[in-house]
Structure formats: C-alpha cells, structure tokens
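Let me begin by presenting the structure, written as structure tokens, before commenting on it.
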Amino acid sequence: MMKLIREDLSMLPAWVGLNERTVSFFEWLTDGEAAPWKCGDAFLIKVRQRKDYFLYIGCGKGNVLEIGENLIFVGMFRWKDCGLYDIKEPLRKLLRIPDEFDFPGKADARKEAGEIANRKAFLLITRDWDAILQEARREKKQMIPKITRSEIQKQAKEYDQAGKTEEEIRFQPEVPVSQYFSDHCYLLFLDNKEWVAERIARQWVLENAAYISRQRTWYGCIRNEFREIKKAAERRKQ
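If you count by our numbering, then the sequence shown holds residues 59 to 296, one letter each, in order.
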C-alpha cells in the first residue's frame, strides 16, 4: 500500500488530510487491491464501476467480514478528481469528517443534468424538429391539439395583461431527468455532462413527439393571437 507524505497531501482534496483515518482510507482506495478495509468494527468494500468505486460498509467479527450481513452503500470514489461523492452518514461518521465538509451527490448532478437537458430539448424542438418528426413517426391525428379560438384568445389576453413579450410565448420543455438518471447514467454524466444530457433530452423528445407537437401548435396559435392584440392596440393609438 502506498503511504502518503506531507507533500502529497497538498496536492489532494482537503478531506484526505483531515485525520489519520482519512489518510489511511485514501491509501486503501488507491492501492489497487480488492481486499476490504477494516476500521474499528466496520469493514469497507470497494466495488469497481468503470474507472471508479462504489463504497459499501459492513460489519464483522474480529478480522472477518460477515458476507451474509447486509452491505450498505455509503458513497463513491472517483479517480478523475480523487473526490468522494454521495457520501452517507455512516461513512462520514466512520472517517470523522465534520459536517461542514460538503460532498457533491447524485441529487446535485441530477439537477444540473435537468437544466442542461431542458436547453438541449429546446434546441431539438426548434432547430431539428423536422428530423425529430421523421424519426418519431407518430400518427398525424396524435400531433394536432383539440383547441378552440376562445381558449386561444383568453390565453393571449392573459399574456398581454401580464406584460409578456412574444418571445416568451413558446413551449419550454421540462425533461423528467430522474426517469433516465440511473447509477450508470450518473457516472457517465460526471465524465461528459453535455453529451449525457443531450442523449437524455433526445430520448425524451422522441418518446413525447406527439405531446410536444401539440404544445408547439398551441403556443403558436397563442402567439398569432397575441400579435393581433398588439396590432389592435397600436391602431388605437394612431
């Protein structure tokens, strides 16, 4: 096992040098061996996932890990930045890491992925919509919304009264990223955020092409009515 020296700690994340346990823990993470790490009455196990490790904690008797006992997921270690992710309380407590040390988690990544995916989806349905329709192959009757002129007029008036601009009257996609954000997807996202978010956005757009088409038509009709309201207001000023 590689032993860290003081000079090493200055180039590593701050959590590594917190105490003797965190130093020993990091040495175990990076030693290339598969053996569990014993700390007090607990054992930590590292399970390789692509280039990284999922971390699990279990109990044992003496120096023997009881395999039959339930193992609890307590976090993830990434080689790319030597960072800890999704750290759970049992590991934080075992390593004596203070609460003020904040570690990124899956929820943070999922939120970021959602923001990127929404932007990607918007581009797909504005810039590449014809190609999406060809690939999705939905029936024409599924693509057309059931709307009335009175509904359109009512909504356009509400936008006008709210001080909206024409540019704001458009369908804004909200991709339900959590449906696609598996642990594997999470790991991929940490390495290539834009690519993964775009893949999620594209899959969602293809699966919901009919719904999106109806929304595009709905907002398009409202924009047209909104323009007429603005034109009428200008004529009254003359």
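Glycine included, each C-beta is placed from N, C-alpha and C at the ideal position.
For residue i, does the three-state DSSP call read helix, strand or coil?
i	result
Arg274	helix
Trp137	coil
Lys109	coil
Val81	helix
Lys222	coil
Gly116	strand
Ala100	strand
Leu70	coil
Leu142	strand
Note down, in chain order, each residue of its chain lying with its Cβ closer than 6 Å to the Cβ of residue i, except the 5 sequence neighbours on either side.
i	result
Arg274	Phe229
Leu191	none
Met59	Note on Met59: pLDDT 49, under 50, position unreliable in the model; no value is reported.
Ser271	Met201
Ala171	Val235, Phe247 and Ala255
Asp218	Ile287
Ala213	In the sequence as presented, Ala is not what sits at residue 213; that position holds Gln. Around Gln213: Ile280.
Quick one: residues in its chain with C-beta nearer than 8 Å to the C-beta of residue i, no 5 flanking neighbours on either side, listed in chain order?
i	result
Lys146	Ile130, Phe131, Val132 and Gly133
Leu182	Ile190, Ala259, Arg260 and Val263
Tyr277	Ile227, Arg228 and Phe229
With a CB to CB cut of under 7 Å and the five nearest residues on each side skipped, what residues in its chain are close to residue i?
i	result
Phe161	Leu142, Tyr143 and Ile145
Ala179	Pro231, Val233, Ala259, Trp262 and Val263
Ala175	Val233, Val235, Ala255, Ile258 and Ala259
Leu245	Gln107, Arg108 and Asp110
Trp73	Thr80, Leu142, Ile155 and Phe159
Trp137	Lys109 and Asp110
Should residue i and residue j be called a contact, given that it needs their Cβ atoms to be closer than 9 Å?
i	j	result
Glu224	Arg281	yes
Leu87	Ile103	no
Lys196	Ala268	One detail in the question is off: residue 196 reads as Arg in this sequence, not Lys. It is a contact, given that the beta carbons lie within the stated cut-off.
Lys222	Phe284	yes
Gly75	Ala100	no
Gly98	Leu149	no
Complete runs of the alpha helix (DSSP H) confined to the segment 163-220 [at least 4 residues] | 164-185, 187-194, 198-201 and 207-219
Can you give, in chain order, each stretch of the alpha helix (DSSP H) that sits fully within the segment 229-295 and has at least 4 residues?
-> 241-249, 251-265 and 267-295
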